[in-house]
Every structure is written in structure tokens, then in C-alpha cells.
Amino acid sequence: MNDLKNIADETPFQTAGPFLHIGCLPNLININGIFKEDLGLSPFANYNIDDFISVTGSVFDGNGDALNDIMLETWQSDEKGNYSPDNGFARFVPDIATKKYSLSTVKPGFVRNINGNIQRPHILFSISSRGLNMNLNTRMYFEDDDLDEDSLLCYIKKTRSNISSLVAKKISENCYQFDIFLQGDKETIFFDI
Amino acid sequence: MGIKSLIKRNYNKQPRLDYPDYKSSIFRAPKNDKFSIPDSISEVSGPIFNKKIIGKLDNDLTLNFSKNNKPPIGHKIIVHGTLLNQYLKPIEGALIEIWQANAAGKYLHMNDKNIAPIDPNFAGCGRYITSSNGTYEFITIQPGPYPYPNRGIEWRPMHIHFSIFGKSFGQRLITQMYFEGDPLIKLCPMVNSIPDTKARTSLIGSLDTTKSNTHQLLFYKFDIILRGMHQTYFENRKEGL
Numbered sequence: 001m002n003d004l005k006n007i008a009d010e011t012p013f014q015t016a017g018p019f020l021h022i023g024c025l026p027n028l029i030n031i032n033g034i035f036k037e038d039l040g041l042s043p044f045a046n047y048n049i050d051d052f053i054s055v056t057g058s059v060f061d062g063n064g065d066a067l068n069d070i071m072l073e074t075w076q077s078d079e080k081g082n083y084s085p086d087n088g089f090a091r092f093v094p095d096i097a098t099k100k101y102s103l104s105t106v107k108p109g110f111v112r113n114i115n116g117n118i119q120r121p122h123i124l125f126s127i128s129s130r131g132l133n134m135n136l137n138t139r140m141y142f143e144d145d146d147l148d149e150d151s152l153l154c155y156i157k158k159t160r161s162n163i164s165s166l167v168a169k170k171i172s173e174n175c176y177q178f179d180i181f182l183q184g185d186k187e188t189i190f191f192d193i
Numbered sequence: 194m195g196i197k198s199l200i201k202r203n204y205n206k207q208p209r210l211d212y213p214d215y216k217s218s219i220f221r222a223p224k225n226d227k228f229s230i231p232d233s234i235s236e237v238s239g240p241i242f243n244k245k246i247i248g249k250l251d252n253d254l255t256l257n258f259s260k261n262n263k264p265p266i267g268h269k270i271i272v273h274g275t276l277l278n279q280y281l282k283p284i285e286g287a288l289i290e291i292w293q294a295n296a297a298g299k300y301l302h303m304n305d306k307n308i309a310p311i312d313p314n315f316a317g318c319g320r321y322i323t324s325s326n327g328t329y330e331f332i333t334i335q336p337g338p339y340p341y342p343n344r345g346i347e348w349r350p351m352h353i354h355f356s357i358f359g360k361s362f363g364q365r366l367i368t369q370m371y372f373e374g375d376p377l378i379k380l381c382p383m384v385n386s387i388p389d390t391k392a393r394t395s396l397i398g399s400l401d402t403t404k405s406n407t408h409q410l411l412f413y414k415f416d417i418i419l420r421g422m423h424q425t426y427f428e429n430r431k432e433g434l
């Protein structure tokens with residue numbers, strides 16, 4: 001680790017604040033005509049929508065209130081478990097009224113790490129909002145996969161009891177629910193990645 | 194055998210999440226510590242955006258929302274700098290998005306309750322993909338400070354929000370740039386949530402007097418550092434991960 005002594009400090013984070021839509025999703029709030037299209041509208045724009053799964057859910061604060069002034073970003077592999085810089089990123093916000101988000105995407109495949117280990121299918125989530133001085137990072141897994149075989153989940157389970165906070169529930173064929181809890185009994189496990 | 198992984202984040206140089214002086218953090222900041230995981234291909238990879246998405250005026254906020262070529266109110270500034278990694282190597286081809294209030298301190302946003310006026314010629318959003326030497330440039334107007342409810346009424350220092358994508362999802366950074374000499378900076382709880390003085394100071398764009406005196410507009414320089422990569426070896430990793 002000696003090589004780390006002479007490195008510069010990363011620029012510190014600051015909150016994205018309540019007006020993040022202006023810079024990140026301007027067309028969504030009717031600031032039209034500047035950016036042709038908002039970023040991350042579909043993670044796999046060239047795919048057939050019939051092949052998509054749907055992930056829905058809400059993000060809850062410590063009062064138990066679902067939030068609608070946050071932004072979510074996701075990053076994932078394709079259905080074969082391969083990452084490409086051109087596909088797999090999505091950016092979205094919960095609906096103002098229902099406070100639910102909805103993501104249409106392909107189900108990611110099993111991801112092979114460079115050391116040969118296999119990760120179960122997962123989607124990375126990043127949450128930005130007013131009140132968060134740094135973005136929060138977590139992972140979503142699928143309850144219908146053999147999660148007991150995933151080495152990272154087994155490792156987390158040794159010290160954390162709320163592993164279920166990382167697992168989306170299957171609510172119907174190709175539909176999953178994944179709620180995120182910022183605080184409270186069900187507080188989601190957030191990662192230092 | 195070695196693999197590339199991101200340099201671990203130094204949380205002493207980052208803001209505290211649970212920082213009650215910033216009231217909105219009270220019910221939003223998680224109470225448990227973050228769980229540290231060795232990064233995998235999932236965190237080391239990331240989206241890369243094509244320069245084709247960038248329009249000609251995307252980085253000129255003085256023109257990209259102007260009606261009939263009317264300029265926005267306020268004095269024009271140029272904010273520029275270099276995007277670097279922790280080894281101070283420039284990062285090219287990285288997307289930077291910015292947003293800000295207008296000269297009166299008002300955002301073009303339905304949730305901004307500030308009584309200051311909207312500027313019909315200013316939206317406050319811009320984006321840019323860093324050039325081959327890692328540099329970026331935005332032409333904009335000086336954003337105003339503004340009051341907001343926190344512990345009673347408090348004032349945000351003048352600032353521009355920055356969102357940056359490096360090459361890895363784990364390099365993703367969202368931050369704010371402040372302006373040299375603004376007396377509100379040291380009063381701001383969001384700034385003060387960063388315990389380290391040098392880290393706080395690194396968020397202040399510095400007035401570039403040489404350029405400002407030759408171009409008849411003020412230049413501010415703000416360099417941004419994203420996490421770097423290094424080699425790790427399997428034998429140093431936690432078992433099985």
C-alpha cells in the first residue's frame with residue numbers, strides 16, 4: 001500500500017440538493033430545448049422491450065415517508081453478465097404523486113469477476129438527494145436466484161442481519177419490488193465501494 | 194495476479210452524512226456505517242458517454258436558454274479547470290453536468306420557494322465532455338446567494354452544482370463549487386459537514402486574474418479530482434471475494 005502515500009485527495013462530495021433535475025433531468029421538468037434528450041432514459045435502448053423486466057419501489061426516509069425529490073441511478077451488466085460502457089446505465093426519479101419509481105431493464109446475467117468468482121445477478125443503485133451530503137450506494141439482488149451461493153452476500157451475512165434489504169421481491173412474472181430504507185429498523189445496507 | 198481496483202475512499206476528507214446542522218440530513222442520513230466491500234467488475238466498469246450527445250451550446254449557459262438572443266441578467270463568468278485522477282493524470286472523455294441558480298439566486302424549478310425573480314433567458318443547466326487534456330469550460334453568469342429554511346433562515350453561498358462520471362461507476366462524484374472570497378462559505382453547514390479544512394478549501398474556485406483582465410469577464414478555475422485505480426492482488430483480498 002506504499003504507493004498510496006503520494007496520491008492526491010479525491011474532491012469531496014456535496015449534496016445534489018433539491019433542484020438536481022435542472023442539471024440531470026431538465027426535460028423531465030419542462031426545461032426543453034437545451035439537451036436533446038435526458039441522460040439514462042433507458043439502460044438498453046436498442047433492446048426489444050418484450051425482453052425487459054420491471055423493477056418498482058420507493059425510497060423511505062426515517063419518518064417512514066416515501067420520497068419524491070430524490071434521483072436514482074443504476075448500473076448493471078447485460079443479460080449475459082457482460083458490462084459495456086454503452087449500455088446498462090439508467091437515471092430516474094420517483095413519480096411525484098405515487099412516490100414510486102419504475103425501471104424497465106433486462107435482467108442482468110451472472111457476472112464473472114476477473115478472479116473467476118461468479119456474482120449472482122445484481123443491479124447497482126446510487127441515490128442522490130437533498131439531505132444526503134454524499135450519494136449512497138447499494139446493490140439489488142433477485143429473490144428467485146440461489147443467493148446462498150453468492151460469496152459477497154455470504155460475507156455480508158456474517159456481520160449484518162438485514163441482508164434481505166438487498167433483495168428484490170418477485171411480485172409477478174418479470175416484475176420485482178425493491179424498496180430502499182434510508183433509516184429505521186429496515187435500514188438498507190449501503191456500501192463503501 | 195493483479196486486478197485493477199479503485200483506491201479506497203478517505204472518509205476523513207469527505208462530508209459527514211449524519212450532520213444535524215444541515216437539517217435535511219436528520220431523517221435521511223443512514224445511521225449504520227457503510228459496509229466496505231472489495232470492488233468487482235461491477236464498480237470498476239461504468240457508462241461512458243459519446244460526444245455526439247453534446248450540443249453546441251450545452252456548455253454556454255448564457256446562450257442555451259436565451260430568447261431572441263437576449264442575454265441573461267448578471268455578470269458573465271467562465272468556469273474552467275481540469276478533471277484529474279488521484280495521480281493527477283488528466284481524465285479525458287468524461288461527462289460533467291452542472292446546474293445553478295440565476296443571478297438573483299433563483300432556480301428554474303417548481304420547488305424553489307425563494308421570492309427572487311426567474312430570468313426568462315436563463316435555465317441554469319449545462320454539460321460538457323472533457324477534452325483530450327482533461328479540461329472543461331462553462332460560460333455562464335455569476336449565480337446569486339439565496340436564503341433557505343434550515344435552522345431558521347440561512348443563506349447558501351454562491352455555488353454551482355457539478356455531477357461527474359469518470360470511467361467507473363465507483364468514481365461517480367456529485368459536488369458543488371464555491372467562489373473565492375464569498376463570506377457565506379464559512380457559515381454554510383453543507384460546507385462545514387466536511388471536517389477537513391483543506392478538503393473544504395478544495396471546493397472553492399479561484400479567481401483567475403490573468404485571464405479575467407484580458408477577456409473582460411471573470412474567470413474561475415476549479416480542478417476536480419476523481420478516485421484513481423491501482424492494482425490489488427488476490428492474496429490481499431478477503432477470502433472468496
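Just so you know, the sequences run in chain order L and E.
Quick note on this note's numbering: the first sequence kicks off at 1 and runs consecutively.
Quick note on this note's numbering: the second sequence kicks off at 194 and runs consecutively.
Idealized CB from N, CA, C, for every residue including glycine.
Spatial neighbours of residue i in its chain, beta-carbon cut-off 8 Å, leaving aside the 5 residues before and after
i: E/Ile-367; result: His-354, Phe-355, Ser-356, Ile-357
i: L/Phe-110; result: Gly-81, Ile-118, Gln-119, Arg-120, Pro-121
i: L/Phe-19; result: none
i: L/Gly-184; result: Phe-60, Gly-62, Gly-64
i: E/Val-384; result: Pro-350, Tyr-371, Ile-378, Arg-393, Leu-396
Closest Cα partner of residue i within the set the options
i: E/Pro-223; options: L/Glu-143, L/Ser-164, L/Asn-133, L/Tyr-176; result: L/Asn-133
i: E/Arg-202; options: E/Ser-235, E/Tyr-212, E/Asn-278; result: E/Asn-278
i: L/Asn-79; options: L/Arg-91, L/Val-106, L/Pro-85, L/Leu-72; result: Asn is not the amino acid found at residue 79 of chain L; the sequence shown has Glu there. Closest option to L/Glu-79, Cα to Cα, is L/Val-106.
i: L/Lys-99; options: L/Leu-72, L/Pro-85, L/Tyr-141; result: L/Leu-72
i: E/Pro-340; options: E/Asn-326, E/Asn-262, E/Ala-392, E/Gly-298; result: E/Gly-298
i: E/Ile-389; options: E/Ile-241, E/Leu-199, E/Gln-207, E/Val-272; result: The question names Ile, but residue 389 of chain E in the sequence shown is Asp. Minimum Cα distance to E/Asp-389 is reached at E/Gln-207.
i: E/Gly-317; options: E/Met-303, E/Thr-333, E/Asn-304; result: E/Thr-333
i: L/Arg-130; options: L/Leu-67, L/Gly-57, L/Ile-7; result: L/Leu-67
i: E/Ile-418; options: E/Leu-210, E/Lys-282, E/Leu-250; result: E/Lys-282
i: L/Gln-177; options: L/Asp-95, L/Tyr-101, L/Ile-114; result: L/Tyr-101
i: L/Gly-40; options: E/Ala-309, E/Asn-225, E/Phe-242; result: E/Phe-242
i: E/Tyr-204; options: E/Lys-227, E/Ala-287, E/Asp-253, E/Gln-335; result: E/Lys-227
i: E/Asp-251; options: L/Gln-76, L/Gly-57, L/Asp-38; result: L/Asp-38
Same chain, Cβ closer than 7 Å to residue i, neighbours up to 5 away in sequence not counted
i: L/Asn-2; result: Only weak support exists for where L/Asn-2 lies, its pLDDT of 43 falling under 50; the value from the coordinates is given anyway. None.
i: E/Asp-416; result: Gly-274, Thr-275, Leu-277
i: E/Cys-381; result: Arg-349, Pro-350
i: E/Pro-338; result: Gly-298, Trp-348, Arg-349, Pro-350, Met-351, Leu-377
i: E/Leu-301; result: Ile-311, Ala-316, Gly-317
i: E/Ser-361; result: Leu-199, Glu-236, Val-237, Ser-238, Gly-239
8 Å contact criterion, which residue i and residue j should meet: CB distance rounded
i: E/Tyr-413; j: E/Phe-372; result: 7 Å
i: L/Gly-23; j: E/Ile-291; result: 6 Å
i: E/Lys-216; j: E/Arg-344; result: 7 Å
i: E/Asp-305; j: L/Ile-193; result: 32 Å between Cβ atoms; not a contact.
i: L/Ile-49; j: E/Ile-200; result: Not really, about 39 Å apart at Cβ, beyond 8 Å.
i: E/Arg-393; j: L/Asn-135; result: Rounded, the Cβ-Cβ distance is 19 Å, inconsistent with contact.
i: L/Ser-42; j: L/Cys-175; result: Contact flag wrong, Cβ pair sits at about 17 Å.
i: L/Asn-115; j: L/Leu-124; result: That pair is no contact at about 19 Å.
Cross-chain neighbours of residue i in chain E, by beta carbon under 8 Å
i: L/Cys-175; result: In chain order: nothing, as chain E lies at least about 23 Å away.
i: L/Phe-191; result: Lys-227, Phe-228, Ser-229, Ile-230
i: L/Asp-69; result: Asn-304
i: L/Val-55; result: Those within 8 Å of L/Val-55 in chain E number zero; the least Cβ separation is about 16 Å.
i: L/Ile-163; result: Simply none; closest approach about 10 Å.
Residue i: contacting residues in chain L (beta-carbon distance under 9 Å)
i: E/Ser-395; result: Asp-9, Thr-11, Pro-12
i: E/Pro-208; result: Pro-12, Phe-13, Gln-14, Thr-15, Asn-133, Met-134
Residues of its chain near residue i, where Cβ-Cβ distance is below 6 Å and the 5 sequence neighbours each way are ignored
i: E/Lys-244; result: Ile-322
i: L/Ile-180; result: Val-59, Thr-188
i: E/Pro-213; result: Ile-219
i: E/Ser-229; result: none
i: E/Arg-209; result: Ser-386
i: L/Ser-104; result: Phe-52, Ser-54
i: L/Lys-157; result: Ile-163
i: L/Leu-182; result: Asp-61
i: E/Gly-421; result: Ile-200, Asn-278, Gln-279, Tyr-280
i: L/Ile-96; result: Asn-68
Chain L residues whose Cβ lies nearer than 7 Å to that of residue i
i: E/Asp-305; result: Phe-19
i: E/Tyr-300; result: Phe-19, Ile-22
i: E/Tyr-212; result: Asn-133
Chain-ordered chain L contacts of residue i [CB-CB under 8 Å]
i: E/Phe-331; result: The contacting residues do not exist; E/Phe-331 stays about 11 Å from chain L at best.
i: E/Pro-223; result: Leu-136, Leu-182, Gln-183, Glu-187, Thr-188, Phe-190
i: E/Ala-297; result: Going along chain L, no residue has its Cβ under 8 Å from E/Ala-297, so there is no contact; the nearest lies around 14 Å.
i: E/Ile-311; result: Residues of chain L passing the Cβ test: none, with the nearest at roughly 12 Å.
Any non-hydrogen atom of the ligand NAD closer than 8 Å to residue i Cβ
i: L/Leu-41; result: Within the structure as shown, the ligand NAD is missing, as the structure has no ligands at all.
Closer than 7 Å at the beta carbon, the chain E residues around residue i
i: L/Pro-94; result: What L/Pro-94 touches in chain E: nothing, since even the nearest Cβ is about 14 Å away.
i: L/Ser-126; result: Arg-365
Neighbouring residues, chain E, relative to residue i (Cβ below 9 Å)
i: L/Asp-61; result: Phe-220, Arg-221
i: L/Lys-36; result: Ile-246, Gly-248
- Message: Count Cβ pairs between the segment 280-298 of chain E and the segment 259-269 of chain E that sit closer than 8 Å; are there 3 or more?
- Response: yes
- the segment 390-410 of chain E touching the segment 161-175 of chain L, judged by at least three CB pairs closer than 8 Å: Counting Cβ pairs under 8 Å, fewer than three are found: no touch.
- Are the segment 132-146 of chain L and the segment 82-102 of chain L touching, with three or more C-beta to C-beta distances below 8 Å? no
- Say whether the segment 32-43 of chain L touches the segment 251-263 of chain E, bearing in mind that this needs 3 or more beta-carbon pairs closer than 8 Å, one atom from each stretch. yes
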